[in-house]
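What follows is one structure encoded as structure tokens, with my remarks underneath.
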Amino acid sequence: MTRGIASIIHAGLFLPVVSLTGCTSPQSAFDTAGTEAERVLDLFWVMLTGAAVIWTFVMALSYFATRARPQGFSDKIGVRLIIWGGCVFPTVVLAALLVWGLKMMPELRRTADGPTIAVSGERFWWRVAYNVEGEPGVVRNLPPGGIPSANEIWIPVGERTEILLGSPDVIHSFWVPSLAGKMDAIPGRVNRLVLEPTKPGIYNGVCAEFCGDAHAQMGFRVVAVSAEDYAAYVAAQAEPAAITEHPGLDLFLENGCSACHTVRGTQANGSVGPDLTHVAGRRTLAAGLLPTTEENIAAFIRSTDHIKPGVEMPSFGVLPEDDIAAIAEWLGSLE
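Per our numbering, residue 8 is the first one in the sequence shown, and the count goes up by one each step.
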């Protein structure tokens, strides 16, 4: 019996330490940079500390019952243990957590004082629209006044930015561990999430709800910058692409790319896939999967299904290599 209790104690001490070793990656809820994420982390530590205290008490009681007092307790003491340890103590602990949580909620539910950005989770990427007017529909068309982008969200530091979340296909879950908790993007409705970064930086986000083949490859970046840099970025995104004559543009239009993608300033006005007007200005391709380089653009055009299975875009490996290179070179110039 003693050996069994010792094994339980050792496992209880060892497993939490091992589990925490997986929390040091760049995408970690322990590396907070946002108001809501800080509150979530506070709640985690309070819950963990409370659980550790309760666990220690239970282990000590078990040891006392089996070793220090093998003859057992009297009925009177047993009843008291049940009342105080099994009823009063849990009630007090849960009531304290409830009061603390209710006290925290008003701060997290404060009205956003910054910009409003619409984000639509779509298999397997994120449609983004800045400067939205009113509540966006959960369809592929942009909300009125929206400035389109994809897979990279810029927000100002120190302001409460409201994210309007929706989806036209299945349930996704928008999660930036360093900035806030998870929020589902659900077909047929709009959910709201507020991001309030406390320091500049680039923060990784993911889809946290299984949504199909490329679920694990449905990432994005949140870029927190000063209010001035944010305003300059959005103004630049509102401008059409700087178009010059290039064989890649002609090939882009001739091979059907414009049926799914928009490049403002050209005849390409598709709405199925991401807006590519300023694609070269984004840090990554394919929803955070690859760095944005001409080589990676060409590889994705050539072997879409191989790089990211399940996406709507077919592979265009049948095109001559020179044509693929020309399209990639042109897209690589769209900053």
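Glycine is no exception: its CB is placed at the ideal position from the N, C-alpha and C atoms.
None of the values given here were measured: they were computed from a predicted structure.
Query	Result
Are the CB atoms of cysteine 267 and glycine 280 nearer to each other than 8 Å?	yes
Check whether the segment 207-220 touches the segment 31-46, taking contact to mean three or more Cβ pairs, one atom from each stretch, closer than 8 Å.	yes
Could you give the DSSP three-state label for threonine 168: helix, strand or coil?	strand
Can you name the start and end residues of the beta strand (DSSP E) that proline 254 belongs to?	It is not in any beta strand (DSSP E) - proline 254 instead sits in the alpha helix (DSSP H) that spans 254-261.
What first and last residue would you give for the beta strand (DSSP E) that runs through glutamate 301?	Unbroken run through glutamate 301 is the alpha helix (DSSP H), 301-309; no beta strand (DSSP E).
Is it the case that the CB of alanine 249 approaches a heavy atom of the ligand GTP more closely than 7 Å?	This structure lacks the ligand GTP; in fact it carries no ligand of any kind.
Roughly how far, in whole angstroms, is the beta-carbon of arginine 289 from the beta-carbon of threonine 299, given that I think they are within contact range, below 8 Å?	6 Å
In terms of residue numbering, what span does the alpha helix (DSSP H) encompassing tryptophan 62 cover?	42-70
Excluding the 5 residues flanking phenylalanine 307 on each side, which residues of the same chain have their C-beta closer than 8 Å to its C-beta?	Leu292, Ala293, Leu297, Ile314 and Lys315
Name the DSSP beta bridge partners of leucine 297, please?	Leu292
Compare the C-alpha of isoleucine 331 against each of Cys264, Glu342 and His285 and name the closest.	Cys264
Can you check which of these residues, Asp176, Lys206, Thr205 and Val183, is closest to arginine 196 by C-alpha distance?	Asp176
Which first and last residues belong to the beta strand (DSSP E) in which tryptophan 161 is found?	159-163
Using 8 Å for Cβ pairs, my map puts leucine 172 next to valine 135. What's the rounded Cβ distance?	Incorrect: roughly 11 Å between the Cβ atoms, too far for contact.
Helix, strand or coil, according to DSSP, for leucine 326 in the structure here?	coil
Between Ile170, Met111 and Met54, which lies nearest to lysine 372 when the distance is taken from Cα to Cα?	Here the chain covers residues 8 to 342 and nothing more, so residue 372 does not appear.
Apply the 10 Å Cβ neighbour rule to glutamate 328 and answer buried if 16 or more other Cβ atoms are within range, or exposed otherwise.	exposed
Take the Cβ of serine 233 as the centre, count every other Cβ of all protein chains shown within 10 Å, and call the residue buried at 16 or more, exposed below.	exposed
Would valine 164 pass as a contact of alanine 231 if the rule is Cβ separation under 8 Å?	yes
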